[in-house]
Amino acid sequence: GSGKISYGKLSQAPDYGALTVQIAGDFDDAMMRVREVSERLGIYLVNSVNPFRLEGQKTIMFRVLESLNWEVPDWIVVPGGNLGNSSSFGKAFYELHQLGLIDRIPRLAVINAAGANTLYQLYEKRGLRWNDGEPDMSVVESYHAELDAVARRADTIASAIEINRPVNLTKCLRALDWCDGVVREATDQEILDAKAQVGANGFGCEPASAASVAGAKQLREQGVIAPSDRVVCILTGHQLKDPTATVAYHTTDQNEFNRVLGSRGVSRALFANRAVQVENDLDAIVQAIQLNSANA
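The numbering of the sequence shown is my numbering, which starts it at 13 and goes up by one.
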């Protein structure tokens, strides 16, 4: 949609020669049109509405278990946008348990951005559940009607999960049922602070990915996650996919910070790693490096 995509992601398509068609709208608009185009032109759709893609995404959990020597963690925490990952992760653990390859299923926490919190609103606030395959879709329709009545669009710095109408909603409800799941929402402030902490520990990720870490922090503070629990937070996207927010968060330019982040309720950068300003002088540069090393 126009103005609603990270150019770090978009850059790959034209660079490889793909036809890029841009519309006035957001992800939800684009998703609707993509499905219509796919049907009319017979183009194979590989969005997570495609069940074969979800089958592939299950392997992420296989890799998690392999890295843990097949010891099942207590929690899997994942960002929630179109809800493909959460749907596939729940299915992976359900099937592994049915096959006797694991002795229990971990709990699942899905973290929405507060500016795109459809699942949180439906699951935690309105009580929508899987209900043995018969979720009350009138609850969903009513919620969407409320959004439309006030023209509320998804709006978050976490562009990868900036979605109001997730196509895998019912599948995610099933996963939450299998995994005794919970749903939380994280503000853009919480997401960016979590992202900076993730980065400081050597794991670069885009803002949407850091929602999982922000959500895990909430759940720990609420006592839902115990101190002894083993928790796996899934980082779903590379930091270079969405660099604008990262640059603004760490910048020394207050005007740039306010331009990119101020309108989203981000008022401070607690974990900013700002550039050290020094003279164009060797001794000054060396001194800055030595001082940083001493304080590390």
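Every residue, glycine too, gets a C-beta built ideally from N, C-alpha and C.
Taken in chain order, the complete alpha helix (DSSP H) segments of 4 residues or longer contained in the stretch 190 to 222 are 200 to 212. The three-state reading of DSSP puts I237 in coil, since its state is none of H, G, I, E or B. R116 is positioned such that its CB atom lies no closer than 8 Å to that of D189.
In the DSSP assignment, A121 falls within the unbroken beta strand (DSSP E) covering R119 to A125. Each residue's CA atom was taken as its position, placing N59 and R65 some 7 Å apart. For Y155, the closest C-alpha among the options G139, D144, D167 and G235 is that of G139. Bounds of the beta strand (DSSP E) holding V90 are W87 to P91. D265 and A287 have their alpha carbons spaced roughly 10 Å apart. Counted as a single uninterrupted DSSP element, the beta strand (DSSP E) harbouring V244 occupies residues V243 to C245. Residue burial annotation: S100 is buried, with at least 16 other C-beta atoms found within 10 angstroms of its C-beta. In this structure, the straight-line span from the alpha carbon of N143 to that of R177 is close to 20 Å.
Assignment of beta-bridge partners to A128 by DSSP yields A125.
Closest by C-alpha distance to V244, out of A238, V89 and G277, is V89. A straight line joining the alpha-carbon of R242 with that of R119 spans about 11 Å.
With respect to the C-alpha of T263, the residue from A208, G214 and A296 having the closest C-alpha is A208.
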